[in-house]
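S.K.: Each residue of the sequence shown is one higher than the one before, starting from 331 at the first, in my numbering.
Quick one: this structure, given as structure tokens, is what I'll be asking you about.
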Amino acid sequence: MISNAQCPDLIIPKSGKNIQAFVPQNWFIIDSAYSDFNQDKLKDVVLVLANEKENDENTQDYECNRPVIILQKTNNGYILSAMSKNAVLCKNCGGVFGEPFSRITLNENILNINHYAGSNWRWTKNLTFRFQHNTWQLIGISEDSFFNGDDCGDRG
């Protein structure tokens with residue numbers, strides 16, 4: 331198991347000419363969503379990144395969360411609007427079910443991050459952020475769980 335102290339440090343530039351400028355070496359994009367969150371008629375983008383160590387056979391217990399990068403489109407490229415290193419759970423954080431990250435959606439100024447995992451006890455964790463007053467604010471967390479198996483009953 332890897333502690334958060336062993337997770338790769340992530341340095342994201344404040345601006346860049348294209349989306350790839352915000353993807354550091356040894357990282358890759360696992361999901362993205364586009365919308366005009368600040369109503370300036372330019373398509374902004376949200377990226378979820380993963381480190382290449384996730385796919386390395388020698389690091390099967392890799393448990394570092396994935397960063398979310400929110401980029402605001404400008405006439406010259408993009409600027410960093412916000413970033414979270416903990417909003418998306420790690421690839422192995424879903425228990426037996428595996429990968430817990432489901433998807434991100436960006437509808438106008440609302441960002442949703444969805445997780446679903448578990449085994450007999452399935453669970454969901456969804457985060458909702460809103461761009462308001464020129465900043466991103468967490469406006470909701472919903473969590474649920476349910477038993478997906480069958481009680482043994484008289485079967486021992």
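Glycine included, every Cβ here is placed at the ideal spot set by N, Cα and C.
Taking all protein chains shown into account, decide if M331 is buried (16 or more other Cβ within 10 angstroms of its Cβ) or exposed.
M.R.: Stepping through the sequence shown from its first residue, residue 331 is reached at position 1. Model confidence at M331 stands at a pLDDT of 42, short of 50, so the residue's coordinates are unreliable; what they give is reported in the following sentence. When all chains shown are included, M331 counts as exposed.
S.K.: Across the region 396–405 and the region 446–456, are there enough close Cβ pairs to call them in contact, namely three or more that are closer than 8 Å?
M.R.: Result no; under three Cβ-Cβ pairs closer than 8 Å.
S.K.: Which residue comes first and which comes last in the beta strand (DSSP E) that contains D361?
M.R.: The sequence position of residue 361 within the sequence shown is 31, counting from 1. Unbroken beta strand (DSSP E) run through D361: W357 to S365.
S.K.: Using the Cβ count rule (16 or more neighbours within 10 Å means buried), how would you classify D474?
M.R.: Walking along the sequence shown from the start, residue 474 turns up at place 144. Exposed: under 16 other Cβ atoms inside 10 Å.
S.K.: Could you round the C-beta distance between I342 and M413 to whole angstroms and report it? I think they count as a contact, below 8 Å.
M.R.: Residue numbering aside, residue 342 sits at position 12 when the sequence shown is read from its first letter. Residue numbering aside, residue 413 sits at position 83 when the sequence shown is read from its first letter. Contact holds; Cβ gap of about 6 Å.
S.K.: Hey, how far is the Cα of S333 from the Cα of K373?
M.R.: Walking along the sequence shown from the start, residue 333 turns up at place 3. Walking along the sequence shown from the start, residue 373 turns up at place 43. Below a pLDDT of 50, predicted positions are generally treated as unreliable, and S333, at 46, falls in that range; no measurement from the model is reported.
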